Amino acid sequence: MASEMNPAEAAGSTGMPQLDFSTYANQIFWLVVALVVLYFVISRVAIPRIAAVLDERRNAIASELARAEELKRKAEEAEAAYEKALAEARAEAHRIIAETKAALDEELKEAQAKAEEEIARMSAEAEERIASMRESALAHVAEVARDVAGTIVGAIMPHLLDEKEVSRAVEKRVKEVSR
Amino acid sequence: MRHAAGKKRAAGPARDGKWEGGLAPATGFGPQRTGRGAEVAEEMSGGFEIEPMEQFVVRPLFGGGEIHWYTPTNVTLWLFVGVVVASALLVLGARGRAVVPTKAQSIAELSYGFVHKMIEDIAGKEGLRYFPYIFTVFMFIVTANYLGLVPYAFTTTSHLAVTGFLAVTVFLSVTVIGFVRHGLGFLKLFWIDSAPLALRPILALIELISYFVRPVSHSIRLMGNMMAGHAVIQVFAAFAGILGLGAIFPIVAIGAVYGLEVIVAFIQAYVFTILTVIYLNDALHPGAH
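Top to bottom, those sequences are chains G and R.
Count the first sequence with our numbering and you get residues 1 to 179, in order.
Count the second sequence with our numbering and you get residues 180 to 468, in order.
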């Protein structure tokens, strides 16, 4: 036992203080005390605390990721809505253009038809007038011809003057000419 | 080479007597190189001795006297310094409970995650029941190893009593867990189904022996690593003391060995812990070779 008090002797007697078995009971006793204390600190305080922190962090990260996912989804939705609105607007514009074009075409056609009708009407009227004018002209021609013929016949051969015969002959000639 | 030179010199009559008195033969090369043998010899005659093992001597903290089982010693002191440091790191470090951790909290979380993942990977989910104890062992050893690197500190894990107790505790608990969970089925650990039938009894014997050697290798590995590094540093430090200002080589060597020890301190804690988990896995799944 005295050897433990003098380090040099202790080292000399065993060579290694590790093999000085007289200190084992002491070391093991204090080791057990230390381990028990550390075990209680670790299992009661440290592990729950660190586990809670790690859990919290995992949850925080998960919730942040979920939030990011949600925001991304919203952004995508907004983009889709925008695209849809754009497409609708485009379709609407096309529709309006087509409608307007159709209306204009219709109007144009109507106007054209109207104009044609007018033209036809006017040309018919004109033809009618021409015809009537021609008829009256012809009538005048026949009258003038009768007068002229009567006068000529009266002048040359007054005894042969038969107004009815002259008028009949003239009318016959006029008819032949106008035909 | 060195041996041959030493012998030659030892044969010289002038130096022979001086060297006999002082340094152990293994340490007797430094002074000769520098040619300051005479001074060294004087110092040595004044009682200088290299005592690499002196740092491991267990002493009572208060006064002298015998060491009873309850006497507070330097071992006691450093055991509790370790407990306090480990607790402070884990409890105060994680005090803020910050989602973005501080440095101390990061270390605490890394240690937690390190051991937790180790158990989960090796022993599976059932192994996590024993996480608090294994984490305690890991934190205890890693703290003790690093505290031992503080100058003038006492390295508790360099003592066979400490590492031996830890290893025997692991051995006994693992054996008990194995028998409690599997009954005699635990013996399947020694009966290797994949081997040819004729070889199985021999293998069983070898497995049985290696099983009982486990606590020995488990404890001596840690204790030997911690002791050797510290002893080597002590030897170089003693050289440096002898050489005085010219002690470039020993000082560089101390730096190098110290750097190595910083790595070893962690690796040995890791090795002790992972072996504990592997043994635990054997107890939990004895059939799975």
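Positions of the beta carbon are idealized from the N, C-alpha and C atoms, including for glycine.
If you're wondering where the values come from, they're calculated on a predicted model, not measured in any experiment.
Straight-line CA distance for L463/R to V456/R? Residue mapping note: residue 463/R aligns to position 284 of the second sequence, counting from 1. Residue mapping note: residue 456/R aligns to position 277 of the second sequence, counting from 1. Spanning the two alpha carbons is a distance of roughly 10 Å.
Between which residues of its own chain and F310/R is the CB-CB distance below 8 Å, once the five residues before and five after are set aside? Start at 1 with the first residue of the second sequence, and residue 310/R comes out as number 131. Same-chain partners within the cutoff: V294, H295, I298.
I'd like to confirm something about G423/R: is its beta-carbon nearer than 8 Å to some heavy atom of the ligand NAP, or not? The ligand NAP is not among the ligands present in this structure, which contains no ligands whatsoever.
Just checking: is the beta-carbon of L454/R within a distance shorter than 9 Å of some beta-carbon in chain G? Taking the second sequence and counting its residues from 1, the one referred to as residue 454/R is at position 275. Not closer than 9 Å to any Cβ of chain G, the Cβ of L454/R fails to qualify, so no.
Can you have a look at D55/G and say buried or exposed, based on whether 16 or more other CB atoms are within 10 angstroms of its CB? To locate residue 55/G, count along the first sequence from 1; it is residue 55. So D55/G ends up on the exposed side.
Give me the Cα-Cα distance between I371/R and K304/R, rounded to the nearest whole angstrom. The residue given as residue 371/R occupies position 192 in the second sequence. The residue given as residue 304/R occupies position 125 in the second sequence. So the two alpha carbons sit approximately 24 Å from each other.
Pick helix, strand or coil for P48/G, following the three-state DSSP scheme. In the first sequence, the residue the question calls residue 48/G occupies position 48. Correct three-state label for P48/G: helix.
With a 10 Å radius around its C-beta and 16 neighbouring C-beta atoms as the bar for buried, classify D105/G as buried or exposed. Residue 105/G sits at position 105 when you count from the first residue of the first sequence. The residue in question, D105/G, is exposed, as its Cβ has fewer than 16 Cβ neighbours within 10 Å.
Would you decide whether T250/R is buried or exposed? Buried here means 16 or more other CB atoms lie within 10 Å of its CB. As a first step, residue 250/R must be located in the second sequence, where it is residue number 71. Its Cβ being crowded by 16 or more others within 10 Å, T250/R is buried.
Determine whether the Cβ of L65/G lies closer than 9 Å to any Cβ atom of chain R. Residue mapping note: residue 65/G aligns to position 65 of the first sequence, counting from 1. It does not: the Cβ of L65/G has no partner Cβ on chain R nearer than 9 Å.
Rounded to whole angstroms, how far is the Cβ of L339/R from the Cβ of A332/R, which I believe are closer than 8 Å? Here the question's residue 339/R lines up with position 160 in the second sequence. Here the question's residue 332/R lines up with position 153 in the second sequence. Contact flag wrong, Cβ pair sits at about 18 Å.
Tell me which same chain residues have a C-beta within less than 7 Å of the C-beta of L454/R, skipping the five on either side of it? Walking along the second sequence from the start, residue 454/R turns up at place 275. The residues are H397.
Can you check DSSP and say which residues form a bridge with T455/R? In the second sequence, residue 455/R corresponds to position 276, counting from 1. DSSP output for T455/R lists no bridge partner at all.
Taking a cut of 7 Å between CB atoms, which residues from the segment 288 to 309 of chain R lie near chain G? E288, Y291
3-residue-minimum beta strand (DSSP E) runs that sit fully inside the segment 302 to 329 of chain R, ordered along the chain: none
Could you check the C-alpha separation between L31/G and S63/G for me, to the nearest Å? Taking the first residue of the first sequence as 1, we reach residue 31/G at position 31. Taking the first residue of the first sequence as 1, we reach residue 63/G at position 63. Approximately 44 Å between the Cα atoms of the pair.
List, in chain order, every chain R residue whose beta-carbon is nearer than 7 Å to that of A62/G. Taking the first residue of the first sequence as position 1, residue 62/G is located at position 62. Correct list: empty, because the minimum Cβ distance to chain R is about 12 Å.
Is A34/G close to chain R, meaning its C-beta is less than 9 Å from at least one C-beta of that chain? Walking along the first sequence from the start, residue 34/G turns up at place 34. Answer yes: the Cβ-Cβ gap between A34/G and chain R drops below 9 Å somewhere.
Where the alpha helix (DSSP H) containing E385/R begins and where it ends: Numbered from 1 along the second sequence, position 206 holds the residue referred to as residue 385/R. Before going further, note that residue 385/R is Ile rather than Glu in the sequence given. Note, I385/R: alpha helix (DSSP H), 379 to 422.
By the 10 Å Cβ neighbour count, where 16 or more other Cβ atoms means buried, how is D20/G classified, buried or exposed? Looking up residue 20/G in the first sequence gives position 20. That one is buried.
From the DSSP output, read off the bridge partner residues of P239/R. Against the second sequence, residue 239/R aligns to sequence position 60. Bridge partners of P239/R: T252/R.
Is H361/R helix, strand or coil by DSSP? Looking up residue 361/R in the second sequence gives position 182. Three-state result, H361/R: helix.
My output table needs one value for P17/G: the three-state DSSP class, helix, strand or coil. By one-based count along the first sequence, residue 17/G stands at place 17. Helix.
So, does the CB of S337/R fall closer than 9 Å to a CB anywhere in chain G? Numbered from 1 along the second sequence, position 158 holds the residue referred to as residue 337/R. Yes, S337/R counts as interfacial toward chain G.
Chain R contacts from the segment 37 to 52 of chain G (Cβ-Cβ distance under 8 Å): V37, L38, Y39, V41, I42, S43, V45, A46, I47, R49, I50, A51, A52
So, helix, strand or coil for G466/R, using DSSP? Locating residue 466/R in the second sequence gives position 287, counting from the first residue. G466/R: coil per DSSP, three-state reduction.
Which term fits T23/G, buried or exposed, when burial requires 16 or more other beta carbons within 10 angstroms of its beta carbon? Within the first sequence, residue 23/G is the residue found at index 23, counting from 1. So T23/G counts as buried.
In three-state DSSP terms, what is T354/R? Locating residue 354/R in the second sequence gives position 175, where the first residue counts as 1. Three-state DSSP puts T354/R in a helix.
Who are the Cβ neighbours of Q284/R in its own chain at under 7 Å, not counting the five residues just before and after it? Numbered from 1 along the second sequence, position 105 holds the residue referred to as residue 284/R. For Q284/R, where only same-chain residues beyond five positions count, the Cβ hits under 7 Å are G272, A273, G275, A277.
Could you tell me if T100/G is buried or exposed, where buried requires 16 or more neighbouring beta carbons within 10 angstroms of its beta carbon? Against the first sequence, residue 100/G aligns to sequence position 100. Burial call: exposed.
Name the chain R residues that come within less than 9 Å of E56/G, Cβ to Cβ? Sequence index remark: in the first sequence, residue 56/G carries index 56 (1-based). What E56/G touches in chain R: R276, V278.
Report yes or no: do three or more beta-carbon pairs, one from the segment 126 to 146 of chain G and one from the segment 161 to 176 of chain G, lie closer than 8 Å? yes
Taking only three categories from DSSP, how would you classify F333/R? By 1-based counting over the second sequence, the position of residue 333/R is 154. Three-state result, F333/R: coil.
What's the call for A91/G, buried or exposed, on a 16-neighbour Cβ count within 10 Å? Position 91 of the first sequence, counted from the start, is the residue given in the question as residue 91/G. Exposed.
Secondary structure at S22/G, three-state DSSP: helix, strand or coil? The residue given as residue 22/G occupies position 22 in the first sequence. DSSP places S22/G in helix when its eight states are reduced to three.
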